[in-house]
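Engineer:
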Amino acid sequence: MKNLKPVIISGKEVLPLVEGGKGINATDGYCSGIWARENCVGTFSGVCPDQYDNNKNIIFEKFFKKNRAERQEELVEQCIQGCVDQAKVAHEVSNGKGCIHMNMLWEAGGTEKILQEVLSRAKGLINGVTCGAGLPYKLGEMASKFETYYYPIISSARAFQILWKRSFSNFKDFLGGVVYEDPWLAGGHNGLSNAEDPNKPETPYSRLVELRARMNEMGLHNIPIILAGGIWNLSEWEDYIDNPDIGQIAFQFGTRPMLTKESPISDAWKNMLLNLKKGDVIRQHFSPTGFISSAIKNTFLEKLLNRKDGEVAFSDEQSTEFSHPLTFKNKTLYIKPQDAEKAQRQIDAGLTEVRATPDNTIVFMTHEDWAEQQKDRAECVGCLSQCQFSSWSQAKGTSGKSPDPRSYCIHKTLYKVGHGGDVNNNLVFAGEQVYRFAQDPLYKNGNIPSVKELIQNILQGK
Ligand SMILES: Cc1cc2nc3c(=O)[nH]c(=O)nc-3n(C[C@H](O)[C@H](O)[C@H](O)COP(=O)(O)O)c2cc1C
Ligand code: SF4
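In terms of this note's numbering, the sequence shown opens at residue 855 and continues consecutively.
This is the structure we're talking about:
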């Protein structure tokens, strides 16, 4: 295994190892501080992070207001304080070593305000801001204003070029690095464009070489690329180290750091990670953000997959194509005759709530599931700038589209699982390589290493 050379990240010389930020509460101030203490980069999640009271107890989220826009304001205020609290913990735990980064989702609700407030209130505590899920045009300007380094997360050279041309070229000094996140391998939301086939992965090598070539044309020879997605043993990535076609590189780990003593996820979640097989992670389209995402195929996702499988096209008017009447609860609509048996089978199985999607199709669900969806929509706190599940829109109040019953409230489920909730009945993001926990000798007999041990293994190429 080649020796890893230190790299300059956020103005500090550190090992080229980055803990990827994970919301909600799958990375926090404590674990990111530990990564930084090891002279690496630790990243706490800026998505709905926990606040602490004077005794360092968690203050759980609370909402009092009646309408969604007001609840979003409550969410944003709590989020700002949560980020400041996490930054303080991270800074204290790091002993001033390494780098502390904060991770934001550009398409989350209130991102600009959160960033602005956190960077002004937590001055000197946060070395860099990473930001993905969408094209964060304003990130460079906002971070530069507070002399904080910024790191866009992109999945193609093209996306970075767009950001550079539109905005980042005016804010060169604080561009700390570019995170290339492999859209076929990384856990969480993936940046696959319409032109890319989710089932035809491309190797990161040629995409990284292209990114570096474009960055060199922009004069960014010394700006590191941080490679994320599907990284386990660095011995498998030796070709990427000291490679002039790729240049300065650091490696970001998202899934591996979850199984460490210091990781904030629950014991049940850690235990689940130890026992997964290849194929237990799937990429799917159900996220209310509209992005593809990579998560564990548990009961929560299986229900959504079954609902999607049962989907049929419909029309309000009878026609030659939509000739078969489907009657339920005093209502009739028309489906294709070839879908009649599929529809009836679901109704007979108790999926008696027949609900339209925004794509002129219907899905079938139980009364309990429909009631839960209605409750979740009514309790929406505007966690996203735009939501396909509830049709919430930060700009206009509503997107004008009908709510999508094939989706789910991501805030509710991630908050739950990030605070000890059921790992089968909530969304559990994971990278494609998660099955390797069950095979890697480091985790034999249920061993859970400390962050220090994990980093030592990684440095040895293991
Ligand atoms: C549980 C989980 C939650 C994640 N949440 C976020 C997030 O909120 N924001 C983000 O930019 N990336 C998120 N990611 C992506 C990671 O930061 C990292 O880039 C990715 O997991 C790397 O791929 P790997 O899982 O193969 O190591 C998440 C990943 C996981 C596994
Ligand atoms: S319904 Fe849920 S996921 Fe959608 S914006 Fe509201 S809180 Fe977020």
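Glycine included, C-beta positions come from ideal geometry on N, C-alpha and C.
1) Could you give the uninterrupted runs of the alpha helix (DSSP H) lying entirely in the stretch 888 to 929, keeping only those of 4 residues or more?
2) Whether or not the stretch 1262 to 1272 and the stretch 871 to 889 are in contact is what I'm after, with contact meaning three or more pairs of Cβ atoms, one per stretch, closer than 8 angstroms; do they touch?
3) Flag ASN957 as yes when its Cβ comes closer than 6 angstroms to any non-hydrogen atom of ligand 1, and as no otherwise.
4) Below 8 angstroms on the Cβ atoms is my guess for GLY1031 versus SER1148; work out the distance and round it to an integer in Å.
5) Taking the alpha carbon of SER899 as the point to measure from, which residue in LEU929, ILE954 and VAL861 has its own alpha carbon closest?
6) Just mark GLN950 as buried or exposed, buried being the case when its beta carbon has 16 or more other beta carbons within 10 Å.
7) What are the residues that DSSP puts in a beta bridge with GLU1090?
8) Determine the DSSP secondary structure at TRP1246, reduced to helix, strand or coil.
9) For PHE1283, verify whether its CB is less than 6 angstroms away from any heavy atom of ligand 1.
10) What residue range is occupied by the uninterrupted alpha helix (DSSP H) comprising ASN1044?
11) Within the present structure, is the beta-carbon of PHE1107 separated from the nearest heavy atom of ligand 1 by less than 6 angstroms?
12) Output the boundary residues of the alpha helix (DSSP H) element that contains GLY994.
13) Am I right that SER1239 and PRO1257 are in contact with their C-beta atoms under 8 angstroms? What's the rounded C-beta distance?
14) Apart from the five residues just before and just after CYS1241, which ones in its own chain have a Cβ nearer than 6 angstroms to its Cβ?
15) DSSP three-state call for THR1252: helix, strand or coil?
16) Would ILE1216 and ALA1225 be called neighbours here (beta carbons separated by less than 7 angstroms)?
17) Would you mind sorting GLY982 into buried or exposed? The rule is 16 or more other CB atoms within 10 Å of its CB.
18) Do you know offhand how far ARG1061's Cα is from GLU1090's?
19) Under 6 angstroms from any heavy atom of ligand 1, does the C-beta of GLY986 make it?
20) Would you decide whether PHE1105 is buried or exposed? Buried here means 16 or more other CB atoms lie within 10 Å of its CB.
21) Going by beta carbon distance, what residues of the same chain come within less than 8 angstroms of GLU1165, once the five residues before and after it are set aside?
22) Rounded to the nearest angstrom, what separates ALA795 and GLU931 at their Cα positions?
23) Rounded to the nearest angstrom, what separates ILE980 and CYS937 at their Cα positions?
24) Please report the straight-line C-alpha distance between SER886 and THR897, rounded to a whole angstrom.
25) Which whole-angstrom value describes the C-beta separation of GLY986 and ASP1036, a residue pair presumed to lie in contact below a C-beta threshold of 8 angstroms?
26) Helix or strand or just coil, what does DSSP make of VAL1282?
27) Which word fits THR1153, buried or exposed, when buried means at least 16 other C-beta atoms lie within 10 angstroms of its C-beta?
28) Looking at the strands, I want to know which residues DSSP matches up with PRO1225.
29) Is PHE1145 helix, strand or coil when you go by DSSP?
30) Measuring only from the beta carbon, is LYS1019 closer than 6 angstroms to any heavy atom that is part of ligand 1?
31) Measuring CA to CA, which of THR984, LYS967, PRO1191 and ILE1007 is closest to ASN1044?
32) In the DSSP assignment, what residue or residues form a beta bridge with ILE1079?
33) Going by the C-beta, is LEU1268 closer than 6 angstroms to any heavy atom of ligand 2?
34) Return the Cβ separation of PHE1000 and LEU973 in integer angstroms, given the expectation that the two are a contact with Cβ distance under 8 angstroms.
35) In the DSSP assignment, find the alpha helix (DSSP H) that holds GLN1287 and state where it starts and stops.
36) So, is HIS1075 buried or exposed, given that buried needs 16 or more other C-beta atoms within 10 angstroms?
Structural biologist: According to the structure shown:
1) The DSSP assignment places no complete run of the alpha helix (DSSP H) inside the stretch 888 to 929 (cut-off: 4 residues).
2) The stretch 871 to 889 is in contact with the stretch 1262 to 1272.
3) Looking up residue 957 in the sequence shown gives position 103. A heavy atom of ligand 1 is found nearer than 6 angstroms to the CB of ASN957.
4) In the sequence shown, the residue the question calls residue 1031 occupies position 177. In the sequence shown, the residue the question calls residue 1148 occupies position 294. That belief does not hold up - the Cβ atoms of GLY1031 and SER1148 are roughly 23 angstroms apart, past 8 angstroms.
5) Locating residue 899 in the sequence shown gives position 45, where the first residue counts as 1. Nearest C-alpha to SER899: ILE954.
6) In the sequence shown, residue 950 corresponds to position 96, counting from 1. Before going further, note that residue 950 is Gly rather than Gln in the sequence given. Exposed, because fewer than 16 other Cβ atoms sit within 10 Å of the Cβ of GLY950.
7) Counting from 1 along the sequence shown, the entry for residue 1090 is found at position 236. Partner(s): none; GLU1090 has no beta bridge.
8) Here the question's residue 1246 lines up with position 392 in the sequence shown. Note: TRP1246 maps to strand in three-state DSSP.
9) Counting from one through the sequence shown, the residue named residue 1283 turns up at place 429. The closest heavy atom of ligand 1 lies less than 6 angstroms from the beta carbon of PHE1283.
10) Here residue 1044 refers to the residue found at position 190 when the sequence shown is read from its first residue. DSSP places ASN1044 in no alpha helix (DSSP H) but in the uninterrupted beta strand (DSSP E) bounded by 1042 to 1044.
11) Within the sequence shown, numbered from 1, the residue matching residue 1107 stands at position 253. Result yes, Cβ under 6 angstroms from ligand 1.
12) Here residue 994 corresponds to residue number 140 of the sequence shown, with the count starting at 1. Bounds of the alpha helix (DSSP H) holding GLY994 are 993 to 999.
13) The residue given as residue 1239 occupies position 385 in the sequence shown. The residue given as residue 1257 occupies position 403 in the sequence shown. Contact between SER1239 and PRO1257 does not hold, since the beta-carbon distance rounds to 16 angstroms and is not under 8 angstroms.
14) Reading the sequence shown from its first residue, position 387 is the one you call residue 1241. Taking C-beta separations shorter than 6 angstroms and ignoring five residues to either side along the sequence, the partners of CYS1241 in its chain run PRO1142, following chain order.
15) As a working note, residue 1252 is residue 398 in the sequence shown. In the structure shown, THR1252 adopts extended strand secondary structure according to DSSP, grouped into three states.
16) Position 362 of the sequence shown, counted from the first residue, corresponds to residue 1216. Position 371 of the sequence shown, counted from the first residue, corresponds to residue 1225. For ILE1216 and ALA1225, no; Cβs fall outside 7 angstroms.
17) If you number the sequence shown from 1, residue 982 lands on position 128. Burial call: buried.
18) Taking the first residue of the sequence shown as position 1, residue 1061 is located at position 207. Taking the first residue of the sequence shown as position 1, residue 1090 is located at position 236. Cα to Cα, ARG1061 sits roughly 17 angstroms from GLU1090.
19) In the sequence shown, counting from the first residue as 1, residue 986 sits at position 132. Because some heavy atom of ligand 1 lies under 6 angstroms away, the Cβ of GLY986 counts as near it: yes.
20) Mapped onto the sequence shown, residue 1105 falls at position 251. With 16 or more other Cβ atoms inside 10 Å of its own Cβ, PHE1105 counts as buried.
21) Along the sequence shown, one-based indexing puts residue 1165 at 311. Annotation for GLU1165: THR1211, THR1215, ILE1216, VAL1217 and ARG1260 place their beta carbon closer than 8 angstroms to its own, counting only its chain and skipping 5 residues before and after.
22) There is no way to answer for residue 795, as the model of the chain reaches only from 855 to 1316.
23) Along the sequence shown, one-based indexing puts residue 980 at 126. Along the sequence shown, one-based indexing puts residue 937 at 83. Taking C-alpha positions only, ILE980 is separated from CYS937 by approximately 10 angstroms.
24) Mapped onto the sequence shown, residue 886 falls at position 32. Mapped onto the sequence shown, residue 897 falls at position 43. Distance between the alpha carbons of SER886 and THR897 is about 5 angstroms.
25) Counted from its first residue, the sequence shown places residue 986 at position 132. Counted from its first residue, the sequence shown places residue 1036 at position 182. Rounded to the nearest angstrom, the Cβ distance from GLY986 to ASP1036 is 12 angstroms, too far for a contact under 8 angstroms.
26) Taking the first residue of the sequence shown as 1, we reach residue 1282 at position 428. Coil, per DSSP.
27) Numbered from 1 along the sequence shown, position 299 holds the residue referred to as residue 1153. Exposed, by the Cβ-count rule.
28) In the sequence shown, residue 1225 corresponds to position 371, counting from 1. Going by the sequence as given, residue 1225 is Ala instead of Pro. ALA1225 is not bridged to any residue.
29) In the sequence shown, the residue the question calls residue 1145 occupies position 291. Coil at PHE1145, not helix or strand.
30) In the sequence shown, residue 1019 corresponds to position 165, counting from 1. Look at LYS1019: its beta carbon is at least 6 angstroms from all of the heavy atoms in ligand 1.
31) On the sequence shown, residue 1044 is found 190 positions in, with the first residue counted as 1. Of the candidates THR984, LYS967, PRO1191 and ILE1007, the one whose C-alpha sits nearest the C-alpha of ASN1044 is ILE1007.
32) As a first step, residue 1079 must be located in the sequence shown, where it is residue number 225. Secondary-structure assignment with DSSP links ILE1079 through a beta bridge to VAL1032 and ILE1103.
33) As a first step, residue 1268 must be located in the sequence shown, where it is residue number 414. Because no heavy atom of ligand 2 lies under 6 angstroms away, the Cβ of LEU1268 does not count as near it: no.
34) On the sequence shown, residue 1000 is found 146 positions in, with the first residue counted as 1. On the sequence shown, residue 973 is found 119 positions in, with the first residue counted as 1. PHE1000 to LEU973, Cβ: 4 angstroms. Contact.
35) Taking the sequence shown and counting its residues from 1, one reaches residue 1287 at position 433. Run containing GLN1287: none; DSSP gives neither H nor E here.
36) Within the sequence shown, the letter at position 221 stands for residue 1075. Per the 10 Å Cβ criterion, exposed.
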